[in-house]
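Residue numbers (the numbering used here), protein chains in the order written: chain A, 794 to 1150; chain B, 794 to 1150; chain C, 147 to 472; chain D, 147 to 472. Here a beta-carbon is modelled for each residue, glycine too, at the ideal position from N, C-alpha and C.
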Amino acid sequence: MKTIASFEIKYYQFLDEHGKPVIENMPALASDLDQLTQLYKTMTQVRIFDDKAIKLQRTGKLGTYASSLGHEAIHVGMGSAMKHEDVLAPMYREYGAMMCRGVKMSEILTYWGGNEEGSNFSGPAHDYPICVPIATQCMLASGSAMAFKLRKQPRVAVTIVGDGGSSKGDFLEALNAAGAWQLPVVFVIANNQWAISVPRKKQSGAQTLAQKGLAAGLPSVQVDGNDIVAVRWAMDTAIKRAREGKGASVIECITYRLSDHTTADDASRYRPTDEVEDAWKLEPLIRLKAYLKDQGVWSDDQQTELETECASAVEDAVTEYMNTPIPAITEMFDHMYDELPHDLAQQRAFALETENG
Amino acid sequence: MKTIASFEIKYYQFLDEHGKPVIENMPALASDLDQLTQLYKTMTQVRIFDDKAIKLQRTGKLGTYASSLGHEAIHVGMGSAMKHEDVLAPMYREYGAMMCRGVKMSEILTYWGGNEEGSNFSGPAHDYPICVPIATQCMLASGSAMAFKLRKQPRVAVTIVGDGGSSKGDFLEALNAAGAWQLPVVFVIANNQWAISVPRKKQSGAQTLAQKGLAAGLPSVQVDGNDIVAVRWAMDTAIKRAREGKGASVIECITYRLSDHTTADDASRYRPTDEVEDAWKLEPLIRLKAYLKDQGVWSDDQQTELETECASAVEDAVTEYMNTPIPAITEMFDHMYDELPHDLAQQRAFALETENG
Amino acid sequence: MAEITLVEAVSMALAHEIAHDPDVVILGEDVGINGGVFRATAGLQQRFGDDRVIDTPLAEAMIAGIAIGMATQGMKPVAEAQFMGFIYPMIDQIICHAARLRNRTRGRMSVPMVLRAPYGGGIHAPEHHSESTEALFAHMPGVRVVIPSSPSRAYGLLLAAIRNPDPVIFLEPKRIYRLYKEEVTDDGEDLPLDMCFVLRDGGDVTLVTWGAMTKETLEAADALTEQGISAEVIDVATIKPLDMDTILESVKKTGRCVIIHEAARTCGVGAEIAAQLAEKGLYDLHAPVQRVTGYDTIMPLYKIEKKYMPSTARILKAVNDVMEMS
Amino acid sequence: MAEITLVEAVSMALAHEIAHDPDVVILGEDVGINGGVFRATAGLQQRFGDDRVIDTPLAEAMIAGIAIGMATQGMKPVAEAQFMGFIYPMIDQIICHAARLRNRTRGRMSVPMVLRAPYGGGIHAPEHHSESTEALFAHMPGVRVVIPSSPSRAYGLLLAAIRNPDPVIFLEPKRIYRLYKEEVTDDGEDLPLDMCFVLRDGGDVTLVTWGAMTKETLEAADALTEQGISAEVIDVATIKPLDMDTILESVKKTGRCVIIHEAARTCGVGAEIAAQLAEKGLYDLHAPVQRVTGYDTIMPLYKIEKKYMPSTARILKAVNDVMEMS
Ligand SMILES: Cc1ncc(C[n+]2csc(CCOP(=O)(O)OP(=O)(O)O)c2C)c(N)n1
Ligand SMILES: Cc1ncc(C[n+]2csc(CCOP(=O)(O)OP(=O)(O)O)c2C)c(N)n1
Ligand SMILES: [Mg+2]
Ligand SMILES: [Mg+2]
């Protein structure tokens, strides 16, 4: 009997829940206060956007919406670590990441407002749109990374799955492909403890979700997903590695889904309120604000001003969204194929003819 | 930064390629010479069967056939470790395991002879038949184990995939289910270095295939798959664990596919002959025979006698196979549903009417 | 005797069978304490325990595979795909094992499982939540496909599906989950799995449909009555096996047939029905068969999903077309 | 100009495109040094390198997903499912992404990929190696489905499939991979992806088929000639979109139609063709449409697989039936 392989999963946190550094040798980002402030502003923007989106849904102005509440550090951490030429393959609540990539808030609303035009967005044309079927986007990320590798482009694909999605074959096969071909891709697991009503511990017997990467031979870490310094540190490391041709990584980010799963869900049916209250103490904005204040680069006035600015940007986005025209019936046909096949052309003509009864 | 999980993959071998014990404290099986002799006999039977099956195929008396050459220790190790009430979910070349379970050689030939009747076999009625779509059988094993667990039966499901199959989502999802529910199932990975023409190293970036179990939180080991003492030791340990309600395990067995992938394949197209020659030195029968001889319980005379007996049993099986009637056309319809639906009844009548042109 | 909705009838059938048959087990994502995203399993875990109503990890292929494994060992799992749009990873296990193990083993093994999924559009749901791909399953030898269209048929057909010793794909028209209530007795009486239901007798034209489209079809039949056209309305209900006899008999009487389904047109189940009319009912047809269906496009996001769905008006137009022809 | 078999024509088209378009990449199990289990990619890796012809890990969903990912980033992957029986794990990625990304993004993204798979029975292969499930794909909005039936059509259609900016499911009738040779010039000329091929002109009955069944259908047509019946033979070739105009025109002339396919009958592509005849060709039909198809059973293991497959005799019987009717 001999040991032929050994592995460790390490956990990284740099800012504790009160915004205090937990070690002395902090990553460079901790002293880049301009960038941190910028990240904080984006996270705040996302939070205010999110709040508004839920209100729009509640008042019948938006369809079912998946909140990103509590995930801001993960999403903004992901998106801000990427270059334009990289590719994002999101799931369905990563507005922070999408906004870093240039997607407009109005476009996100347009999407959830039931209009495909929202996915024809201002972000990079090579970025994937929101993906509903869980974990299928991981394949797209590995596939993009395969294209980059074959074309010898120094580009990286970044994707994200939930704790729930980490049980799915698509995620696991995509990891294996990334490991087998040493692809430039970063897999983020947003472990927010719940997959709708199914708690993390029912998803898997694995002690950590990060260790799913071990199955594919990938470097895998766990970080505090409410600490953007930790998220960015791990992202930067993984992206650098990928860009240098050294292959893929897995980053499990521990956070909590502070909202209902979507506006169609009522989480009070299945999870205790004190768990949610406890989780609020760990959420990512409080600590980053505290840190910035401790560093003397943030004040209550600035906070008020930021909130006003963000709210007004959201209002503009809402206006833009509300003014987005309802798609013509022809839109249903015109993007199915590059060239409309004759049978579909007939259906299109029929649809136009009969659309009003 | 702290380490929150650590893992080791251990490798077990007890008999080296010359049949010499590699450690002092050998597992109990090493001194159970009756049982070892019995296992050796079964392995020899399988080998002689396999050889005959290939000859039948070459002479047009059998369809495409997947050889088990070189895998005898894994297959017989698996099958012999199980109780009747346990369930086997094989892939397509585990004749050793199936024979331990009571499946007749004539039935295996009937299957590869293109007749479903071969899967209506003399093994346990709850055992699964040969499974062609790679890794799908792993789900069946986890599902069976789920039934045993829910019914509080002390039964164990045993399944096997290849190195190729270990890349597939079905295997990985089945592992995860087994870990999440702590199911009584044992996953054997027969790593024979090749998936048709794709070598092990192209399947995965993982250093070992055993570590795929870590993704599901399962105890995972690697053993010398040509050493039946190691295979049985690992199987016995895993089955005991499962039967006691402690959950699933993964056992990667290292071996080599000494034959072509199937009779439809020509491995000389893609792999070097010296690799095959080297692998022959490690194959499982030589070392077990040497060990039994060293222990004074096996002789050349016995070997000759055994080979004659096995060959004659194979001849009987071939006769039985050749006498198996060709299925009637109605067989195509009569097992589709418990009760033949009316539309299919019409098709059945039509088929009978028109079968001769 | 209680007035219940279709989704409540689903719950009632599940509860009935789970109470009466120790082999019945429900499994799926969020079927436990959450009671399913549509409340189809509401209260069942609380009532019967978490070894009878089981939340699974998020992996559809696995849910199907586990159910098949359990079924082959003698249990009667009722698995759920949360939406039909997420059923596709299950197809491999359905085709390779659920539909084949009986035949593969010459009857030694069987797969008495049910796979439930809410299906269809029209509820302003996100992408992939509006699928109607029953035709894929109808093309698979070895399974049965059942679609109820009323509370009482949901109850009786689901009981039959669970009791049936072969795999049944049970698709629930979620748009009419709560459309109306009906008195359904929890008497454990099941319905046959190979028969259409004639919802309305009529002599001028046969309207064939299933699932949620029964709503628009019945509305069209009402409107036709006012026009003096008497429409026979058939709810196919058991998509596979298809009860063509009932449809052919009706067309023999009416000479005209309009088939209505929400699914994409090409190779939908409507095609099979029309094809059989062309084969076995040709001489009875006084006018071309018409299909009123979804388009061969992706169901649009909700802003214009209504324009995708066959409307009462489109049905009426088709009927009027066939009435004019002879 | 060389006389080549159908499978060689596939290789030739692949080689042509890979040589002329740097974005084309082949991926699949055993497509590399082994040249594919049917030798369809024989020699290509040796010729073009292992970054153009890529052996994958064994995971079909992944092969599809990787191909889609590559395609959306501007490459033109030609992925292979080793046999159609192993294509099912790919369906989820095909439906969810290949068929939808263009529409989902309003044309911002596209998925110019081909998924090749050998299909059909009759070669004494093991279980799951004989599938003909083209109808599943024909029902999926957003993809194209193409089936060649001769070396030259294999060459021209595969070129067109690779060049097409949308996903194409390209099914190769392996039973006739090596049935006969034909002169095919490697001139890079592609064929249209929306047109049937009329293989033989005739006036008495229209025989519609595709893939390997063209063999039995042409044999039947020969036999019919001897009986004095002139059969028009149409090779559908592009299953989706379906060129119904050619079929309808033929039936207008002949008044009779027999559709032949190997796939299971219910909801097969034959149903769609028959349905459209019932809709648009009813008044042209002098006799009921007939389908000669595989049964709604699992293709048996090889001892009796022949009895599953539509035979020339069964085609002749169907034609004689429709000739007798009027
Ligand atoms: C393949 C698939 N199955 C089921 C669903 C329905 N569904 C949507 S979100 C969700 C839970 C996802 O949980 P997780 O992966 O943890 O992500 P989270 O929503 O928590 O961010 C489920 C089951 C889906 N969208 N896709
Ligand atoms: C899902 C699926 N894909 C492809 C195949 C074709 N195929 C049969 S065996 C095989 C290789 C299997 O390799 P491995 O898992 O290592 O098992 P081994 O044959 O080496 O025992 C392949 C690709 C299949 N049977 N099923
Ligand atoms: Mg989650
Ligand atoms: Mg192998």
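*the region 247-258 of chain C: which residues have C-beta closer than 9 Å to a C-beta of chain B, in chain order?*
Of all residues in the region 247-258 of chain C, only Leu247, Arg248, Asn249, Arg250, Thr251, Arg252, Gly253, Arg254, Met255, Ser256, Pro258 come within less than 9 Å of chain B when Cβ atoms are compared, listed by chain position.
*What in chain C is Cβ-close to Asp238/D, meaning under 7 Å?*
Locating residue 238/D in the fourth sequence gives position 92, where the first residue counts as 1. The contacting residues are Tyr234, Pro235.
_Candidates Val344/D, Ala281/D, Gln436/D: closest to Ala410/D by CA position_ = Taking the first residue of the fourth sequence as 1, we reach residue 410/D at position 264. Closest by alpha carbon: Ala281/D.
*Check the DSSP bridge columns for Gln1015/A and list the partner residues they point to.*
Within the first sequence, residue 1015/A is the residue found at index 222, counting from 1. Note: Gln1015/A sits in a beta bridge opposite Tyr804/A, Glu1045/A.
*Straight-line CA distance for Lys1033/B to Ala186/D?*
Against the second sequence, residue 1033/B aligns to sequence position 240. Against the fourth sequence, residue 186/D aligns to sequence position 40. If I take the Cα positions, the gap works out to 48 Å.
*Taking Glu365/D as the reference, which of Ile406/D, Val199/D, Val382/D, Pro338/D has the closest Cα?*
Indexing the fourth sequence from 1 puts residue 365/D at position 219. Per the Cα distances, Ile406/D.
*Would Ile172/D be called buried (16 or more neighbouring beta carbons within 10 Å of its own) or exposed?*
Here residue 172/D refers to the residue found at position 26 of the fourth sequence. It counts as buried.
*Phe343/C, enclosing beta strand (DSSP E) - first and last residue*: Translated into positions along the third sequence, residue 343/C becomes position 197. Counting along the chain, the beta strand (DSSP E) containing Phe343/C begins and ends at 343-346.
*asked:* Using a Cβ-Cβ cutoff of 8 Å, what residues of the region 1013-1029 of chain B are near chain A? List them in chain order.
replied: Result list: Gln1015.
*Beta carbon nearer than 7 Å to a non-hydrogen atom of ligand 4*: Result: Gly955/B, Asp956/B, Gly957/B, Ala983/B, Asn984/B, Asn985/B, Gln986/B, Trp987/B, Ala988/B, Arg1050/B.
*Consult DSSP for Thr1123/B and reduce its assignment to one of helix, strand or coil.*
By one-based count along the second sequence, residue 1123/B stands at place 330. Here Thr1123/B sits in coil by DSSP.
*Pick out whichever of Ile241/C, Ile315/C, Leu305/C has its Cα sitting closest to the Cα of Glu474/C.*
What the structure shows of chain C is the stretch from 147 to 472, and residue 474/C is not part of that stretch, so it cannot be assessed.
*Is the beta carbon of Ile927/A within less than 7 Å of some heavy atom of ligand 1?*
What you label residue 927/A is simply residue 134 of the first sequence in a count that begins at 1. For ligand 1, at least one heavy atom lies less than 7 Å from the Cβ of Ile927/A.
_Counting only Cβ pairs nearer than 7 Å, list the residues of chain C close to Gly414/D._
On the fourth sequence, residue 414/D is found 268 positions in, with the first residue counted as 1. By Cβ distance, chain C contributes His285.
*Give a yes or no on whether 8 Å exceeds the smallest Cβ distance from Thr857/B to chain A.*
If you number the second sequence from 1, residue 857/B lands on position 64. Judged by the 8 Å Cβ criterion, Thr857/B is not in contact with chain A.
_the region 174-190 of chain C in contact with the region 337-357 of chain C per 3-pair CB rule at 8 Å_ = No: the two stretches stay apart, fewer than three of their Cβ pairs being nearer than 8 Å.
*Could you run through the region 186-218 of chain C and flag, in chain order, every residue whose CB is less than 7 Å away from some CB of chain A?*
When CB distances to chain A are screened at a threshold of 7 Å, the residues of the region 186-218 of chain C falling below it are Asp201, Pro203, Leu204, Ala205, Ala207, in chain order.
*Leaving out five residues on either side along the sequence, give the residues of the same chain with a beta carbon under 7 Å from the beta carbon of Thr360/D.*
Counting from one through the fourth sequence, the residue named residue 360/D turns up at place 214. Within the same chain, Thr360/D has close Cβ partners Ser295, Leu345, Asp381.
*Kindly indicate if chain A contains any beta-carbon less than 8 Å away from that of Lys449/C.*
Your numbering for residue 449/C matches position 303 in the third sequence. So yes, Lys449/C belongs to the interface.
*Can you find a CB in chain C that lies within less than 8 Å of the CB of Asp1136/A?*
If you number the first sequence from 1, residue 1136/A lands on position 343. Closer than 8 Å to some Cβ of chain C, the Cβ of Asp1136/A qualifies, so yes.
_Rounded C-alpha distance that separates Lys845/A from Ile450/C_ = Here residue 845/A refers to the residue found at position 52 of the first sequence. Here residue 450/C refers to the residue found at position 304 of the third sequence. Approximately 24 Å, taken between the alpha carbons.
_Cα-Cα separation, Thr852/A to Ser860/A_ = Counting from one through the first sequence, the residue named residue 852/A turns up at place 59. Counting from one through the first sequence, the residue named residue 860/A turns up at place 67. Whole-angstrom Cα-Cα distance: 16 Å.
*asked:* Quick check: is any heavy atom of ligand 1 less than 7 Å from the C-beta of His1054/A?
replied: For the purposes of this step, residue 1054/A is taken as the residue at position 261 of the first sequence. Distance from the C-beta of His1054/A to the nearest heavy atom of ligand 1 is below 7 Å.
_Please tell me whether Ala205/D and Ser960/B are closer than 8 Å, where the distance is taken between their beta carbons._
Residue numbering aside, residue 205/D sits at position 59 when the fourth sequence is read from its first letter. Residue numbering aside, residue 960/B sits at position 167 when the second sequence is read from its first letter. Taking 8 Å as the cut-off, the beta carbon of Ala205/D is found closer than this to the beta carbon of Ser960/B.
_Cβ of Arg993/B within 8 Å of any chain D Cβ_ = The residue labelled residue 993/B in the question sits at position 200 within the second sequence. Taking Cβ atoms only, chain D never reaches closer than 8 Å to Arg993/B, which makes this a no.
_Relative to the C-alpha of Arg248/C, which candidate in Gly266/C, Ala271/C, Gln219/C has its C-alpha closest?_
Here residue 248/C refers to the residue found at position 102 of the third sequence. Residue Gln219/C holds the alpha-carbon nearest to the alpha-carbon of Arg248/C among Gly266/C, Ala271/C, Gln219/C.
_Closest by C-alpha distance to Thr221/C, when choosing among Ile308/C, Lys398/C, Leu339/C_ = For the purposes of this step, residue 221/C is taken as the residue at position 75 of the third sequence. Residue identity differs from the one stated: residue 221/C is Met in this sequence, not Thr. Ranking the options by Cα distance to Met221/C, first place goes to Ile308/C.
*How many Å lie between Ala882/A and Val954/A at the Cα?*
Counting from one through the first sequence, the residue named residue 882/A turns up at place 89. Counting from one through the first sequence, the residue named residue 954/A turns up at place 161. Distance from the CA of Ala882/A to the CA of Val954/A, rounded to the nearest whole angstrom, comes to 10 Å.
*Answer yes or no: do Pro434/D and Leu190/C have a C-beta to C-beta separation smaller than 8 Å?*
Sequence index remark: in the fourth sequence, residue 434/D carries index 288 (1-based). Sequence index remark: in the third sequence, residue 190/C carries index 44 (1-based). Between Pro434/D and Leu190/C, the CB-CB gap reaches or exceeds 8 Å.
*Which chain C residues sit within Cβ distance under 8 Å of Asp480/D?*
Since the displayed chain D opens at 147 and closes at 472, residue 480/D lies outside it and no answer follows.
*asked:* Does His919/B pass the burial test, meaning 16 or more other C-beta atoms within 10 Å, or should it be called exposed?
replied: Here residue 919/B refers to the residue found at position 126 of the second sequence. Burial call: buried.
_Leu204/C CB to nearest heavy atom of ligand 1 below 7 Å_ = Along the third sequence, one-based indexing puts residue 204/C at 58. Within the cutoff, so yes.
_Just list the residues that DSSP pairs Ser436/D with in beta bridges._
Taking the fourth sequence and counting its residues from 1, one reaches residue 436/D at position 290. The question names Ser, but residue 436/D is Gln in the sequence shown. Looking at the DSSP assignment, Gln436/D forms a beta bridge with Val404/D.
*So is Lys453/C in contact with chain A if we call contact Cβ pairs under 8 Å?*
Here residue 453/C corresponds to residue number 307 of the third sequence, with the count starting at 1. With 8 Å as the cut-off, Lys453/C counts as an interface residue toward chain A.
*asked:* Under DSSP, the beta strand (DSSP E) around Glu175/C begins and ends at which residues?
replied: If you number the third sequence from 1, residue 175/C lands on position 29. No beta strand (DSSP E) contains Glu175/C, which DSSP labels as neither H nor E.
*asked:* Restricting to Cα atoms, I'd like to know which of Ser990/A, Lys995/A, Tyr904/A is closest to Val183/C.
replied: Position 37 of the third sequence holds residue 183/C. Nearest of Ser990/A, Lys995/A, Tyr904/A to Val183/C, Cα basis: Ser990/A.
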